[in-house]
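To start, the structure under review is shown below, and the notes come after it.
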Amino acid sequence: MQFTTTTLITLLAAAASAAPAPAAGKLAAVSKMAEGSQWTIVDFKRTCNDADTSCAVSFAIDAGSGSATACAYKVAAGKQASRAPQTGATCGDYTVTSGWSGQFGEGQGFTTLAVVNNVKRLIAWPAYTDKQLVNGKAVSPDQSYTPARLG
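So this is what it looks like as structure tokens:
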């Protein structure tokens, strides 16, 4: 038994010393997540006309400061406004952009927002499936996201 234990310890020590070392000059990874911060997107709603040439989007950003920041914008497109990008709505201290993806196939689309607090230099990426955004109803329950630091 002693021989087996000694052999096992020797093998483990050899394996540990053979592990690759970090590349010279490479810094350790740092978390970009904002500690102690969480944003809730409240009552997110997208309402599109029957022809899907125009959509109205509304929601509020609750960053935990005691009052939420209202946000509303329109997306207009010749067709499929529900899938059209939005390139920079200003909502108080925030700028909001959005894009749609169908990468998982028809019926599996989703919209991702980039919500940037320009003062605190934080960003969050709320996302909603097409199935959540039907009939102009607010998404329920509200969804929360941890923002990341920019820079």
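Per mature numbering (1 follows the signal peptide of the UniProt record, and there is no 0): the sequence shown = residues -18 to -1, 1 to 133.
Backbone N, C-alpha and C define an ideal beta-carbon position, used for all residues, glycine too.
This structure is a prediction, so every number in the text was calculated from the model and none was measured.
Scan the stretch 46 to 106 and note each continuous beta strand (DSSP E) run of 3 residues or more that stays entirely inside, going in chain order.
As far as the stretch 46 to 106 is concerned, its whole beta strand (DSSP E) runs of at least 3 residues are 51 to 58, 68 to 73, 76 to 83, 92 to 99, 104 to 106.
Neighbourhood of Asn100 by C-beta distance below 8 Å, restricted to the same chain and skipping five residues each side
In chain order, Asp75, Tyr76, Thr77 place their CB closer than 8 Å to the CB of Asn100, counting only its own chain and leaving out the 5 sequence neighbours on each side.
Closest by C-alpha distance to Gly87, when choosing among Ala71, Trp21, Thr111, Glu17
Of the candidates Ala71, Trp21, Thr111, Glu17, the one whose C-alpha sits nearest the C-alpha of Gly87 is Thr111.
Given a threshold of 16 other Cβ atoms within 10 Å of its Cβ, counted over all protein chains shown, does Leu104 qualify as buried or as exposed?
Leu104 comes out buried.
Which two residues bound the contiguous beta strand (DSSP E) that contains Gln125?
In the DSSP assignment, Gln125 falls within the beta strand (DSSP E) that extends over 125 to 127.
Contacting residues, own chain, Cβ-Cβ under 8 Å from Ser47 (five flanking each side not counted)
In its own chain, leaving out the 5 sequence neighbours on each side, no residue places its CB closer than 8 Å to the CB of Ser47.
If you count every other CB in all the chains shown that lies within 10 Å of the CB of Pro123, and 16 or more means buried, which is it?
Classification for Pro123: exposed.
Mapping DSSP to helix, strand and coil, what is Asp112?
Asp112: helix per DSSP, three-state reduction.
Proximity of Arg28 and Thr93 at Cβ, strictly below 9 Å:
Inclusion of Arg28 and Thr93 in the CB contact set at 9 Å is warranted, their separation being smaller than that value.
C-alpha distance - Thr69 paired with Lys8, whole-angstrom precision:
Spanning the alpha carbons of Thr69 and Lys8 requires a straight line of approximately 36 Å.
Thinking Cys73 and Ala52 are a contact (beta carbons under 8 Å), I'd like their distance in whole angstroms, please.
At roughly 7 Å, the Cβ-Cβ gap stays under 8 Å, so Cys73 and Ala52 are in contact.
If you reduce the DSSP assignment to three classes, tell me which class Ala130 lands in.
Three-state result, Ala130: strand.
Go ahead and pull the three-state DSSP assignment for Val121.
Three-state DSSP puts Val121 in coil, outside helix and strand.
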